[in-house]
Amino acid sequence: MNLFFSFVVPVFNRPEEIRELLESIVLQDYNKPFEVVIVEDGSKQSSKGVVSDFSKKLTISYFEKENSGPGASRNYGMERAKGNYFIILDSDCILPSQYLAEVEKSLENQYVQCFGGPDAADKSFTLVQKAINYAMTSILTTGGIRGSKSTLGKPASGIGGFQPRSFNMGISREVFESVGGFGKIHPGEDPDLTFRIWNAGYKTKLIPEAFVYHKRRIDWGKFYKQVNKFGMVRPILNKWHPKTRKMTYWFPTFFCLAFLVSIVLYMLDIRLPIWLFIVYFTLIFLDSLVKNKSVAIALLSLIAVVVQFIGYGSGFLKSSFLVNFSKRKPEELFPMLFFK
Numbered sequence: 010m011n012l013f014f015s016f017v018v019p020v021f022n023r024p025e026e027i028r029e030l031l032e033s034i035v036l037q038d039y040n041k042p043f044e045v046v047i048v049e050d051g052s053k054q055s056s057k058g059v060v061s062d063f064s065k066k067l068t069i070s071y072f073e074k075e076n077s078g079p080g081a082s083r084n085y086g087m088e089r090a091k092g093n094y095f096i097i098l099d100s101d102c103i104l105p106s107q108y109l110a111e112v113e114k115s116l117e118n119q120y121v122q123c124f125g126g127p128d129a130a131d132k133s134f135t136l137v138q139k140a141i142n143y144a145m146t147s148i149l150t151t152g153g154i155r156g157s158k159s160t161l162g163k164p165a166s167g168i169g170g171f172q173p174r175s176f177n178m179g180i181s182r183e184v185f186e187s188v189g190g191f192g193k194i195h196p197g198e199d200p201d202l203t204f205r206i207w208n209a210g211y212k213t214k215l216i217p218e219a220f221v222y223h224k225r226r227i228d229w230g231k232f233y234k235q236v237n238k239f240g241m242v243r244p245i246l247n248k249w250h251p252k253t254r255k256m257t258y259w260f261p262t263f264f265c266l267a268f269l270v271s272i273v274l275y276m277l278d279i280r281l282p283i284w285l286f287i288v289y290f291t292l293i294f295l296d297s298l299v300k301n302k303s304v305a306i307a308l309l310s311l312i313a314v315v316v317q318f319i320g321y322g323s324g325f326l327k328s329s330f331l332v333n334f335s336k337r338k339p340e341e342l343f344p345m346l347f348f349k
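In terms of my numbering, the sequence shown opens at residue 10 and continues consecutively.
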């Protein structure tokens, strides 16, 4: 198949991030034509000057529009892209030089209409960035909730398969025109799109070699807010796509409630439950230590996991109650999760 790739990247007030991303795209070990489409989503800090610096190095287009969120901006870019396969990236990603070549090789070997790639922490990242990256990707935390990494999505069933995320996601033009692109919910627009892709009979897969360095430029407060929104979104997606419900989505909520119970039991001189949590956090520390080779990152990973579980778990519990027992629509219950 003759693949022509279009990178589609929305940006909001982050011109220097775009510069780093474009610099990594310039260095791709790929000798076939491709294009880059940058969509400025109502930013006050324009990236136009940065993009113009790459006009002689890349086939690149730049569009400005009113702020409507990342999902609508990705759709806007795909509508104007010239390729037959779109690669969606977040502006805070950096590509390794072999990225595009690995994508093409995987699709030529086993073509699917949608793929996802993992994220990794670059050596230049801060200790907090690396700790948050660990919490977001580890199989010991919520990183293992995205679906099986080794199986294809099952057409029509809406169940199983890897769930791509929009920081590193490929979509064919055929799928975009058939399914209609991203919805207005945010976050959660990427799993919503994946579920609609499955329901339309298409398959998804993970391309492990197509990883990106995802900076996640956030502090602890922003991280909590982010994962709290992730927790609030999931019950909404469960209601929209009931076949995709899994008990594993309750894990952070049950974890937090069980931890509170274990503290009460410890005060009553029942110590086994609290020791189970000590064992779990010890495993987190050791796993992060092995992967990151840093005691400091391993310790910060414990904080990241606690923030992640409390944020996601509380958001999921609140949303589950309101979505299932209120007569109001999700858009009315959680207006902060939807772009107009």
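Cβ coordinates follow ideal geometry from the N, Cα and C atoms, glycine included.
The beta strand (DSSP E) that contains I47, what's its start and end?
E44 to D50
What would DSSP say about S303, mapped onto helix, strand or coil?
Coil.
Just the Cα atoms here: how many angstroms apart are S82 and H223?
S82 and H223 have their C-alpha atoms roughly 20 Å apart.
Give the single residue among L31, E111, E32 and G324 whose Cα lies nearest to the Cα of Y258.
G324
Nearest-angstrom Cα distance between A140 and V299?
13 Å
Along the chain, where does the alpha helix (DSSP H) containing S9 start, and where does it finish?
No statement about residue 9 is possible, as the shown extent of the chain runs from 10 to 349 and does not include it.
Please classify M178 as buried or exposed, where buried requires at least 16 neighbouring CB atoms within 10 angstroms.
buried
Locate the alpha helix (DSSP H) running through F95, then write down its first and last residues.
First-last for F95: Y94 to L98, but that is the beta strand (DSSP E), not the alpha helix (DSSP H).
Looking at T150 and R37, is the spacing between their C-beta atoms short of 9 Å?
For the sequence presented, residue 37 should be read as Gln rather than Arg. No, these two residues do not count as a Cβ contact at 9 Å.
Buried or exposed for F330, please, with buried defined as at least 16 other CB atoms from any protein chain shown within 10 angstroms of its CB.
exposed
Rounded C-beta distance between I194 and L346? I'm assuming under 8 Å.
6 Å
Throw me the rounded Cβ distance for the F72 and V35 pair, which I believe falls under 8 Å.
About 20 Å separates the two Cβ atoms, so there is no contact after all.
Tell me which residue opens and which closes the beta strand (DSSP E) that M178 is part of.
N177 to S181
Using DSSP bridges, identify the partner residues of D62.
Note: D62 is not bridge-paired with any residue in the DSSP secondary-structure output.
Using CA coordinates, which residue listed in S106, V20, A130 and G80 is at the minimum distance from E32?
S106
Could I get the ranges of all uninterrupted alpha helix (DSSP H) runs contained in the stretch 126-153, with 4 residues as the minimum, in chain order?
136-146
Determine the contact status of G190 and G80, defining contact as a CB-CB distance below 9 Å.
yes
Using a 10 Å radius around the Cβ and a threshold of 16 neighbouring Cβ atoms, would you call L292 buried or exposed?
Its Cβ having fewer than 16 others within 10 Å, L292 is exposed.
For the candidate residues N142, E113 and D101, whose alpha-carbon lies nearest to that of Y94?
E113
Alpha carbon to alpha carbon, how far is I306 from I312? Give it in angstroms, no decimals.
10 Å
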